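Shown next, in structure tokens, is the structure this report addresses.
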Amino acid sequence: MAETLGGIASFLNVELRGDASRVVAGVAPLDTATPTEISFFANPKYAEQAGATAAAGVLCRPEDVARLPKGCAALVSTRPYRDFARITARSFDRRPRAEPGIHATAVVHATAVLASTVCVGACAVVGPGARLGERSAVHALAYVGPSCVIGADCVIHAGAVLYDGCRLGDRVSVHSGAVLGADGFGFAPDPPSGYVKVPQIGWVEIEDDVEIQANACVDRGALGPTIVRRGAKIDNLVQVGHNVEVGEHTVLASQAGISGSTKIGKWVTFAGQSAAAGHLIVGDQAVITGQAGIGKDVAAKAMVSGSPAQPTLVHHRGLAELNRLPELRKTVKALEARLRELEGRLPEP
Amino acid sequence: MAETLGGIASFLNVELRGDASRVVAGVAPLDTATPTEISFFANPKYAEQAGATAAAGVLCRPEDVARLPKGCAALVSTRPYRDFARITARSFDRRPRAEPGIHATAVVHATAVLASTVCVGACAVVGPGARLGERSAVHALAYVGPSCVIGADCVIHAGAVLYDGCRLGDRVSVHSGAVLGADGFGFAPDPPSGYVKVPQIGWVEIEDDVEIQANACVDRGALGPTIVRRGAKIDNLVQVGHNVEVGEHTVLASQAGISGSTKIGKWVTFAGQSAAAGHLIVGDQAVITGQAGIGKDVAAKAMVSGSPAQPTLVHHRGLAELNRLPELRKTVKALEARLRELEGRLPEP
Amino acid sequence: MAETLGGIASFLNVELRGDASRVVAGVAPLDTATPTEISFFANPKYAEQAGATAAAGVLCRPEDVARLPKGCAALVSTRPYRDFARITARSFDRRPRAEPGIHATAVVHATAVLASTVCVGACAVVGPGARLGERSAVHALAYVGPSCVIGADCVIHAGAVLYDGCRLGDRVSVHSGAVLGADGFGFAPDPPSGYVKVPQIGWVEIEDDVEIQANACVDRGALGPTIVRRGAKIDNLVQVGHNVEVGEHTVLASQAGISGSTKIGKWVTFAGQSAAAGHLIVGDQAVITGQAGIGKDVAAKAMVSGSPAQPTLVHHRGLAELNRLPELRKTVKALEARLRELEGRLPEP
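Chains as they are written, first to last, in the working numbering: chain A, 3 to 351; chain B, 3 to 351; chain C, 3 to 351.
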């Protein structure tokens with residue numbers, strides 16, 4: 003919908019430097035925004051684009067206002083990225099919503115209990131005893147297994163799978179291809195005949211405001227739950243093993259992998275392709291950098307890198323040293339020559 | 003179902019130290035078990051929990067019996083984890099089974115041949131010429147392609163996909179989102195116009211007792227089969243390329259990746275996020291540690307780490323050396339100073 | 003279908019050394035080919051198999067003709083792998099094609115526009131406003147979201163998911179479990195309360211001749227498109243973040259991960275499990291080796307390795323140096339002893 007810059011500033015509670023009556027109809031990146039769109043500037047990499055944008059207005063920090071071209075209004079915010087998210091969600095998100103009601107081809111078990119505002123898409127399947135809260139949507143071809151309990155305002159996207167007994171809070175999103183509650187990887191070695199499968203009789207518990215992206219896996223507990231706490235965000239293709247606990251507001255970036263029974267604190271970051279071995283404890287606000295692999299506990303607020311991971315500073319110092327090694331080797335060789343020369347001048351006593 | 007400790011000991015053929023008539027109704031982790039449940043103790047990390055458990059009885063090794071609290075019975079086993087798996091499977095696994103029969107919304111091709119005890123869930127699709135053995139189940143929204151041959155007691159979980167021509171033995175599990183038989187990644191470079199796709203006309207062969215977890219991929223052979231041998235276990239999000247052979251009882255942990263045409267022996271372990279380049283041979287019982295990447299053949303029983311992988315001991319020694327480098331550099335600097343001093347005292351001849 | 007060696011040579015426009023009238027009925031690997039099949043030899047690893055093959059004929063380079071056994075015809079090509087792909091596609095690919103027409107259980111929205119030759123499989127779902135070009139196929143259980151636009155000769159395999167608004171060119175393949183257009187991972191930190199979700203209102207654009215393999219993810223742009231350019235190939239379980247651009251004929255091998263807003267040039271190779279941080283630029287023909295992780299821009303034609311990645315030569319030299327460190331340490335120790343001895347012979351002045 004169309005908004006005035008003044009209306010936007012007022013909704014976001016930010017200062018506007020520019021024409022309050024100017025009307026905009028959408029949002030766009032700095033480099034493609036037109037004079038009827040707004041944009042945002044938060045990453046210094048895009049300073050040049052900010053300076054040349056054709057946008058009607060730009061959300062930016064106070065210290066960046068001067069970068070904007072003449073005629074471009076500034077929406078001055080201490081958190082421009084967050085405020086950009088807020089105004090986009092309110093006024094500029096035109097993506098289609100789930101069609102209301104239960105599609106004729108959906109298969110909802112007679113014992114499932116659905117709030118009256120629930121949407122179920124074509125060929126979606128909801129199993130016996132499942133429960134869905136107000137305004138929750140199960141999109142086409144998604145599967146909600148027996149006895150799952152899903153809160154209000156959840157979205158289960160097309161083709162997502164929830165095995166039996168998953169419990170979701172409110173405002174949880176599960177994207178396509180994500181699988182919650184599959185069996186944990188539990189096999190007791192019994193050589194020479196093979197392995198005995200350990201029945202995975204636990205469950206999955208997802209608290210409020212969690213987002214689980216496409217093709218991610220959260221295995222059910224072997225016994226008891228695998229838990230993803232309030233506000234955590236799990237990116238595409240992430241693995242969360244059985245009996246893991248992911249703390250509040252913790253972020254697991256794409257392709258990260260958490261092995262079984264590891265407990266992760268709050269506001270932790272696992273960057274892309276990082277990994278944790280099993281049975282570890284990761285403290286609050288720790289950062290595991292990209293491709294790092296932790297094999298032991300990580301203290302709160304620590305930042306670790308490498309595989310096996312060390313404190314990031316140590317890891318980087320090690321790499322720098324490695325690059326200086328040829329030079330060190332030359333120094334040693336030169337020392338040896340000088341020493342030999344000295345020895346030659348001082349005959350054995 | 004409820005069991006007595008005596009009944010459990012008898013079934014498992016283990017020694018019971020405690021009250022044989024005591025009745026238990028379930029299994030639970032050491033820290034949450036109640037007096038009507040049993041637990042198990044196998045990982046020393048949980049010794050403290052073992053010492054404080056409220057469980058009626060604990061499966062543990064002979065040397066760990068003394069750790070259990072008074073009043074807690076010991077079920078003494080040399081393989082407590084395996085025996086815990088066995089008793090759980092027999093008595094305490096209450097998860098729902100596939101509903102019997104062919105669901106009215108399932109689409110089973112007229113030429114498919116299903117044993118009379120096969121279950122097919124809602125909106126599952128079974129293609130022309132597919133064959134399914136006794137007691138096998140195809141869950142809701144799963145896809146069994148044309149000419150697939152599936153043995154007895156297999157489970158194809160919700161949303162799993164088997165392309166045409168996959169052959170599965172008995173007791174194979176394929177979890178949700180797993181894809182068997184998709185095209186291998188075969189493209190012949192033909193610059194400057196692009197690549198010519200190499201038709202992938204082989205197939206996938208999965209032997210008995212294999213478990214393939216959620217969102218794993220096993221590509222079909224380009225020519226001939228990709229083979230997963232008896233008893234192998236493939237975890238979530240694992241990649242198995244075309245024409246790979248995975249040996250008997252080999253374990254590929256989560257997010258491991260095996261490139262095309264690599265042959266892996268028996269009882270091999272690929273830990274989480276490890277990888278193999280293509281056309282390699284990995285010997286029996288080799289261990290590829292987490293995040294390691296092998297670029298050449300690995301001998302039987304070898305343990306390798308790092309990327310590119312080296313013997314684990316060499317890799318760890320290298321990392322230790324790296325951390326001692328600043329110290330070595332200081333030593334060399336000091337030597338240089340002392341040498342200079344000596345040279346100063348010995349004027350050129 | 004059956005072919006003569008002469009007919010094959012003529013179609014491929016290659017020289018035949020052998021009996022032009024010999025009839026063959028299929029293709030097979032060197033080691034299992036029978037006298038009624040042809041094979042190809044391109045990788046020196048298989049020289050021994052080439053020398054012992056029972057194939058009627060083998061596609062190989064001029065310099066390899068002499069390796070073939072007597073009686074085995076040579077189809078002499080400068081690009082044997084490519085030509086093997088071409089002849090297989092023309093004559094020996096017997097895999098089933100999509101069944102024609104719209105399956106009775108498919109759910110095609112009344113406002114979707116399908117060319118008359120489109121195939122839609124059982125329980126597939128095509129959303130409102132979607133458009134599908136001539137001869138394109140949507141296999142069973144696949145999902146084509148609202149307003150998707152798909153060109154001619156595309157294949158959307160069983161269980162693949164296209165969110166709303168995806169745009170595909172001609173001859174695009176999307177394999178099972180692949181997810182196009184799911185929300186990018188955009189969350190603006192807003193501590194202490196959590197994150198504000200950034201609406202992902204962009205889309206996905208896939209140009210002609212792109213192949214996207216099983217369980218890969220291509221997220222939609224936050225604003226504007228995520229683009230995969232003409233001829234690019236994306237392997238199983240690959241992550242392509244929001245607003246990424248993948249250049250023409252670029253290959254992302256299995257489990258590679260590209261973070262948001264990174265721009266990749268033409269003919270680039272990301273090998274297995276490699277990764278790129280966000281907001282980077284990767285030049286044409288660059289090679290990111292297996293498990294490498296790039297944290298800064300990569301120049302055209304550069305080859306980089308390690309995590310964080312360096313030029314491959316520097317990385318390998320570093321690893322070699324690491325392995326020689328114990329020896330260097332010994333050298334330094336010996337120098338120190340010799341110096342001490344010298345110092346002892348030269349008393350302080």
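Built from N, CA and C at the ideal position, the CB exists for glycine as well. Remember, it's a predicted structure, so these values are computed and weren't measured experimentally.
Comparing alpha-carbon positions, the option among Arg69(C), Val146(C), Gly147(C), Ala278(C) lying closest to Pro46(C) turns out to be Arg69(C). By the Cβ neighbour-count rule, Arg231(C) is buried, with 16 or more other Cβ atoms within 10 Å of its own. For Leu77(C), the enclosing beta strand (DSSP E) stretches over residues 75 to 78. In the structure shown, Asp66(B) falls within a helical segment according to DSSP collapsed to helix, strand and coil.
Within chain A, no residue has its beta carbon less than 9 Å from that of Leu61(B); the closest one is some 11 Å off.
Comparing C-alpha distances from Ala44(B) to each of Ala52(B), Gly243(B), Ser256(B) shows the shortest one belongs to Ala52(B). Residues of chain A with a Cβ closer than 8 Å to the Cβ of Pro201(C) are, in chain order, Ala87, Thr90, Ala91, Phe94, Asp95, Arg97. At a cut-off of 8 Å between beta-carbon atoms, Glu323(B) makes contact with chain C. Between the alpha carbons of Ala302(B) and Ile266(A) lies a gap of roughly 36 Å.
Here Ser149(C) is not near Val120(C), since their CB atoms are 8 Å or more apart.
Using a CB distance below 8 Å, the part of the region 147 to 162 of chain A facing chain B consists of Gly147, Pro148, Ser149, Gly161, ordered along the chain.
Inter-segment contact for the region 191 to 211 of chain B and the region 186 to 195 of chain A is absent: fewer than three beta-carbon pairs are separated by less than 8 Å. Leu18(B) is bridged by DSSP to Leu77(B). Leu341(A) sits close to Leu341(C), with the two beta carbons spaced by under 8 Å. At least 8 Å separates the CB of Gly346(A) from every CB of chain C. Linking Ala294(A) to Ala278(A) through their CA atoms gives a straight-line distance of about 9 Å.
Within the DSSP secondary-structure output, Ile104(C) pairs in a beta bridge with Val122(C). At least 8 Å separates the beta-carbon of Leu324(A) from that of Leu315(C).
Distances from the CA of Ile283(A) to each of Glu39(A), Ile296(A), Ala162(A), Gly171(A) were compared; the closest alpha carbon is that of Ile296(A). In the DSSP assignment, Asp192(C) falls within the unbroken beta strand (DSSP E) covering 189 to 192. The alpha-carbon separation between Trp269(B) and Gly249(B) amounts to approximately 7 Å. With at least 16 other beta carbons inside 10 angstroms of its own, Arg88(C) counts as buried. Counting C-beta atoms within 10 angstroms of its own C-beta, Asp95(C) has fewer than 16 neighbours from the protein chains shown and is therefore classed as exposed. Distances from the alpha-carbon of Val146(C) to those of Asp155(A), Leu134(A), Gly123(A) put Gly123(A) closest. In the displayed model, Gly346(A) falls within a helix according to three-state DSSP. Look at Phe43(A) here: in three-state DSSP terms it is coil, with no helix or strand label.
One finds nothing in chain B with a Cβ atom closer than 9 Å to the Cβ of Val29(A); even the nearest lies about 33 Å away.
If you look at Pro82(A), you'll find it in the alpha helix (DSSP H) that goes 82 to 89.
Residue-level contact check: Arg19(B) does not touch chain A, since none of the beta carbons of chain A fall below 8 Å from its beta carbon.
In the DSSP assignment, Gly53(A) falls within the unbroken alpha helix (DSSP H) covering 49 to 53. Taking a Cβ-Cβ threshold of 9 Å, none of the residues of chain B is close to Ser138(C); the smallest such distance is about 17 Å. At least one C-beta of chain C is nearer than 8 Å to the C-beta of Asp221(B).
No Cβ of chain B is located within less than 8 Å of the beta carbon of His111(C).
The three-state secondary structure of Arg169(C), taken from DSSP, is strand. Taking a 10 Å sphere around the C-beta of Arg326(C), we find fewer than 16 other C-beta atoms and assign the residue as exposed.
Taken in chain order, the complete beta strand (DSSP E) segments of 3 or more residues contained in the region 211 to 252 of chain B are 227 to 230.
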